[in-house]
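Number of protein chains: 2
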Amino acid sequence: MALIVQKYGGTSVGTTERIEKVAEKLIATREAGHDVVVVVSAMSGETNRLIELAKAINPRPPARELDVLVSTGEQVTIALLAMALEKRGCPARSYTGAQVRILTDSAYSKARIQDIDAKAIRKDLSEGRVVVVAGFQGVDETGAITTLGRGGSDTTAVALAAALKADECQIYTDVDGVYTTDPRVVDKARRLDRITFEEMLELASLGSKVLQIRAVEFAGKYQVPLRVLSTFEEGPGTLITLEEDNMEEPLISGIAFNRDEAKITVLGVPDKPGIAWTILGAVADANIEVDMIVQNISTEGLTDFTFTVHTNDYDRALEIVQKTATEMGAREVLGNSKIGKISLVGVGMRSHAGVASKMFRTLADEGINIQMISTSEIKISAVVEEKYLELGVRALHTAFGLDREEGTA
Amino acid sequence: MALIVQKYGGTSVGTTERIEKVAEKLIATREAGHDVVVVVSAMSGETNRLIELAKAINPRPPARELDVLVSTGEQVTIALLAMALEKRGCPARSYTGAQVRILTDSAYSKARIQDIDAKAIRKDLSEGRVVVVAGFQGVDETGAITTLGRGGSDTTAVALAAALKADECQIYTDVDGVYTTDPRVVDKARRLDRITFEEMLELASLGSKVLQIRAVEFAGKYQVPLRVLSTFEEGPGTLITLEEDNMEEPLISGIAFNRDEAKITVLGVPDKPGIAWTILGAVADANIEVDMIVQNISTEGLTDFTFTVHTNDYDRALEIVQKTATEMGAREVLGNSKIGKISLVGVGMRSHAGVASKMFRTLADEGINIQMISTSEIKISAVVEEKYLELGVRALHTAFGLDREEGTA
Chain Y
93 MALIVQKYGG TSVGTTERIE KVAEKLIATR EAGHDVVVVV SAMSGETNRL
143 IELAKAINPR PPARELDVLV STGEQVTIAL LAMALEKRGC PARSYTGAQV
193 RILTDSAYSK ARIQDIDAKA IRKDLSEGRV VVVAGFQGVD ETGAITTLGR
243 GGSDTTAVAL AAALKADECQ IYTDVDGVYT TDPRVVDKAR RLDRITFEEM
293 LELASLGSKV LQIRAVEFAG KYQVPLRVLS TFEEGPGTLI TLEEDNMEEP
343 LISGIAFNRD EAKITVLGVP DKPGIAWTIL GAVADANIEV DMIVQNISTE
393 GLTDFTFTVH TNDYDRALEI VQKTATEMGA REVLGNSKIG KISLVGVGMR
443 SHAGVASKMF RTLADEGINI QMISTSEIKI SAVVEEKYLE LGVRALHTAF
493 GLDREEGTA
Chain V
93 MALIVQKYGG TSVGTTERIE KVAEKLIATR EAGHDVVVVV SAMSGETNRL
143 IELAKAINPR PPARELDVLV STGEQVTIAL LAMALEKRGC PARSYTGAQV
193 RILTDSAYSK ARIQDIDAKA IRKDLSEGRV VVVAGFQGVD ETGAITTLGR
243 GGSDTTAVAL AAALKADECQ IYTDVDGVYT TDPRVVDKAR RLDRITFEEM
293 LELASLGSKV LQIRAVEFAG KYQVPLRVLS TFEEGPGTLI TLEEDNMEEP
343 LISGIAFNRD EAKITVLGVP DKPGIAWTIL GAVADANIEV DMIVQNISTE
393 GLTDFTFTVH TNDYDRALEI VQKTATEMGA REVLGNSKIG KISLVGVGMR
443 SHAGVASKMF RTLADEGINI QMISTSEIKI SAVVEEKYLE LGVRALHTAF
493 GLDREEGTA
């Protein structure tokens, strides 16, 4: 008998019919002999409906009150799911974040979990109940309701699994697992049986929208085995786990890509200590997040400095940098929002030379020029012209042996 | 400077526009120099929407979970109202029942308030905030969310006013006060400036739907001055207060009436100890509430016994009584659901003889026969044929000097 925490997102509980289906899946898990704690999000559309109400009254609603408002979304779901379980003769009890006492800091709308009191849940489990917990929400030390921010229900599930020392945390979603790359772009994309936390983090931050990144960090930190499965199809999903010796270690596990970045280059900057700080400081002050940063070696006391930002921030960032560049006597500022980023991710990369050169050769063979490169221990990212993004992803997917074999699903 | 608790019902906060209007009324109260605590209901229609969701999943939802569900209705309103206040530069803070700690028993959906912790509210008031509290809800000792039942927001407001020793508890509603009788029936019905708690209790229980009866009981018990006002029109409303020596004491204050009752008479019952118990015990066992009960003096060892029930329970009650009557050897059972009850209410009645005779004469002058009479210290009720109900009410309204003078509002 295992203790399993399951999490169902907004789409999975989007109607009363779907809530009943979730109740049936939970009962099936119990009948397989497991204890179950389930974390649910607000019914899809509900959070937006509540935010619309708030905006109708106050375009800049106070954060404390916005959390009081949107936290009702999950509270509705927990009550309905508990009712669906009870109707089927399965004892159940619902808990809001405050009722569990999921203690967070007071950063409304983006609070972080500090502690979870698992006593009441353990008691309910020992008395044979399914425990239904509202995701995405907690309570601060003063008793104020907080929310963890969008997607925070994943974090709630992982944190509960850690606090309860659960055997597995299962995230039910509308995809059946983590793929080698986006199946909409590469039709031979393959579902991974396993992936490490680190790989998942790199894939998540690069745009795979399966799991919230903080949940993966949390799971890695507390070593909670995490599984992504489909609410609507049967299947084993993808297990996200620690790197193991006996784990099959492919060179790379997946290919992420992203067309939402734009790059800004400052040419001919006098190469003095502090240039990165001078250029990026002004950008950071404007609350613009920077992704890749590249600086080349200096020639004749001048250097070139390039970084990328989200395309939404491109115009604003360009304006700021042009001002800074003029002040520091740089030669020119160039910008380009028609770029795409391709990232290879894999723990296998650590112990294998040649991943980078193979990547570059594969892109060159397709006639794709690389504009920018950055690397981490388990990731290599290359920026290319946007129109070559999909071609590049497909070529690399084949070159690194990720394609699904013919005839398999 | 006074401390005022205001309560706004579902219609008063039914749209975001109306919530903004309430915010403006609160700010006006503050600008008049008062501290304000405001209790709000769910937006009109919201509680029913939530109950529909529950019924779609479970026709008999567990009471605990139903309270978790419906309590989200007021939680939405408190957040929105606090946002509306803050937008206008008025510092505000919202509280759910659990956050205040409105401690109740664990009778889900009909919980009773046991204690209120007013510390946090007092602190907020002293720091210049308007405190916005969710009506209708509380929390039990285990931390489970409870609700006080429909209309319970009035009770929340009165209980808070008592705990805070507020100077006045103002119930905003869609009528502008308590009337001498229903203005839809008697166009000369007059708004009362003042009425006593006892009178209000009799009027409320007899069908005037202005205030929830438990709230009036509570206000009387803790001597909280209670005022009923209109959300939508200006005016002083009606103050419900203790009987005072200098209070103008009209013979009667108001006339209530009710056409939702039916009467059942058992004729020729052997007059032995326990006959009332025998007849009514079986009715009570079926959870049928009995209103008026009349038993006449015995002649030749036989007596007649009559009582009234709600018309919804009439068929069931009649069936039960027929069975009991047969067992106890009564002669006959008669029933009549075409009756109406008229009740005169007034504390002045205590010290004035002749109210009853004036009532009976007035009805007789109109040719209305009285079928049944019962009295209490401040009330006389008469049952008449239903078709004479409105005629009787109008005649009595004039006879007892309640008519509004021509030309006044």
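From first to last, the protein sequence lines stand for chains Y and V. To convert, count from 1 in the first sequence and add 92; that's the numbering used here. To convert, count from 1 in the second sequence and add 92; that's the numbering used here. C-beta: ideal position from N, C-alpha, C; glycine also. Being a predicted model, the structure only gives us computed values, none of them experimental.
Contacting residues, own chain, Cβ-Cβ under 8 Å from residue i (five flanking each side not counted)
i               : result
G102 of chain Y : S133, A134, M135, S136, G137, E138, T139
I344 of chain V : L436, V437, G438, G440, M441, V447, F492, L494
D363 of chain Y : S390, G393, L394, T395
T107 of chain Y : M135
L410 of chain Y : I356, V425, G427
Cross-chain neighbours of residue i in chain Y, by beta carbon under 9 Å
i               : result
N379 of chain V : The contacting residues do not exist; N379 of chain V stays about 24 Å from chain Y at best.
K117 of chain V : Correct list: empty, because the minimum Cβ distance to chain Y is about 15 Å.
A134 of chain V : By Cβ distance, chain Y contributes nothing, its closest Cβ being about 10 Å from A134 of chain V, past 9 Å.
K215 of chain V : Simply none; closest approach about 11 Å.
Proximity below 8 Å, CB of residue i to CB of residue j
i               : j               : result
E166 of chain V : A226 of chain V : yes
V425 of chain V : Q414 of chain V : yes
G269 of chain V : T333 of chain V : no
D232 of chain V : T196 of chain V : yes
L161 of chain Y : L142 of chain Y : yes
I380 of chain V : D352 of chain V : no
A354 of chain Y : T323 of chain Y : no
S245 of chain Y : V131 of chain Y : yes
A120 of chain Y : M175 of chain V : no
K430 of chain Y : E478 of chain Y : yes
V382 of chain V : K433 of chain V : no
E335 of chain V : T288 of chain V : yes
Same chain, Cβ closer than 7 Å to residue i, neighbours up to 5 away in sequence not counted
i               : result
R423 of chain Y : L359, G360
S466 of chain Y : M384, V386, S473
I237 of chain Y : D159, V160, S163, A190, Q229, V231
Residues of its chain near residue i, where Cβ-Cβ distance is below 6 Å and the 5 sequence neighbours each way are ignored
i               : result
L295 of chain Y : G346, A348, V437
A94 of chain Y  : H126, D259
A254 of chain V : Y314, V316
V97 of chain V  : V129, A249, L252, A253, A258, C261
A501 of chain Y : For A501 of chain Y, the predicted structure reports a pLDDT of 49, less than 50, and the residue's modelled location is therefore unreliable. A value from the coordinates is still provided. Same-chain partners within the cutoff: there are none.
G327 of chain V : D268
K471 of chain V : E294, S435, V437
A207 of chain Y : Inspection of the sequence shows that residue 207 of chain Y is occupied by Asp rather than by Ala. Answer for D207 of chain Y: L195, listed in chain order.
R496 of chain V : K280, R282
Interface residues of chain V facing residue i [CB-CB closer than 9 Å]
i               : result
E138 of chain Y : In chain order: nothing, as chain V lies at least about 10 Å away.
Interface residues of chain Y facing residue i [CB-CB closer than 7 Å]
i               : result
T323 of chain V : Per Cβ cutoff of 7 Å: no residues; T323 of chain V is ~17 Å from chain Y at best.
G235 of chain V : Q191
M175 of chain V : A146, I149, N150, P153, P154, E157
I111 of chain V : I149
T108 of chain V : L145, A148, I149
L240 of chain V : Neighbours of L240 of chain V on chain Y: none; closest Cβ ~17 Å, over 7 Å.
E219 of chain V : By Cβ distance, chain Y contributes nothing, its closest Cβ being about 13 Å from E219 of chain V, past 7 Å.
L252 of chain V : Ordered by position in chain Y, no residue passes the 7 Å Cβ test against L252 of chain V, which lies about 17 Å from the chain.
Amino acids of chain V, ordered along the chain, whose beta-carbon sits closer than 7 Å to that of residue i
i               : result
T164 of chain Y : T164, Q167, V168
S186 of chain Y : E157, V160
Closer than 7 Å: residue i CB and nearest the ligand FAD heavy atom
i               : result
A311 of chain V : As far as ligands go, the structure on display features none, and thus does not contain the ligand FAD.
Neighbour list for residue i in chain Y, Cβ cutoff strictly below 8 Å
i               : result
L142 of chain V : V168
Contact the region 207-225 of chain Y vs the region 180-190 of chain Y: 3+ CB pairs below 8 Å | Three or more beta-carbon pairs drawn from the region 207-225 of chain Y and the region 180-190 of chain Y are found closer than 8 Å, and the two stretches are therefore classed as touching.
Taking any Cβ of chain C, which residues in the region 193-211 of chain V have a Cβ under 8 Å from it, in chain order?
-> Considering every chain present, this structure includes no chain C. Its protein chains are Y and V.
Within the region 291-377 of chain Y, ranges of the beta strand (DSSP E) (whole runs, at least 3 residues) = Qualifying beta strand (DSSP E) stretches, in chain order: 318-322, 330-333, 346-350, 353-362.
Can you find at least 3 beta carbon pairs, one from the region 239-254 of chain Y and one from the region 316-324 of chain Y, that sit closer than 8 Å?
-> Under the three-pair Cβ rule at 8 Å, the region 239-254 of chain Y counts as touching the region 316-324 of chain Y.
Can you list the beta strand (DSSP E) stretches of 3 or more residues lying completely in the region 245-281 of chain Y, in chain order?
-> Here the runs fully enclosed are 260-265.
Taking one C-beta from the region 144-155 of chain V and one from the region 478-497 of chain Y each time, how about it: are there three or more such pairs within less than 8 Å?
-> Output reads no: the region 478-497 of chain Y does not touch the region 144-155 of chain V.
Given 8 Å, three or more beta-carbon pairs between the region 393-409 of chain Y and the region 365-374 of chain Y | The region 393-409 of chain Y is in contact with the region 365-374 of chain Y.
Which runs of the beta strand (DSSP E) fall wholly inside the region 99-143 of chain V and span at least 3 residues, in chain order?
-> Counting whole runs of 3 or more residues, the region 99-143 of chain V contains the beta strand (DSSP E) stretches 127-132.
Curious, which full-length beta strand (DSSP E) runs of at least 3 residues does the region 415-449 of chain Y contain?
-> The qualifying runs are 424-428, 431-437.
For the region 166-204 of chain V, list the beta strand (DSSP E) runs that are entirely contained and at least 3 residues long, ordered along the chain.
-> Correct list: 184-187, 194-196.
What residue ranges within the region 454-497 of chain Y form continuous alpha helix (DSSP H) runs of no fewer than 4 residues, ordered along the chain?
-> If we require 4 residues or more, the alpha helix (DSSP H) runs fully inside the region 454-497 of chain Y come out as 481-491.
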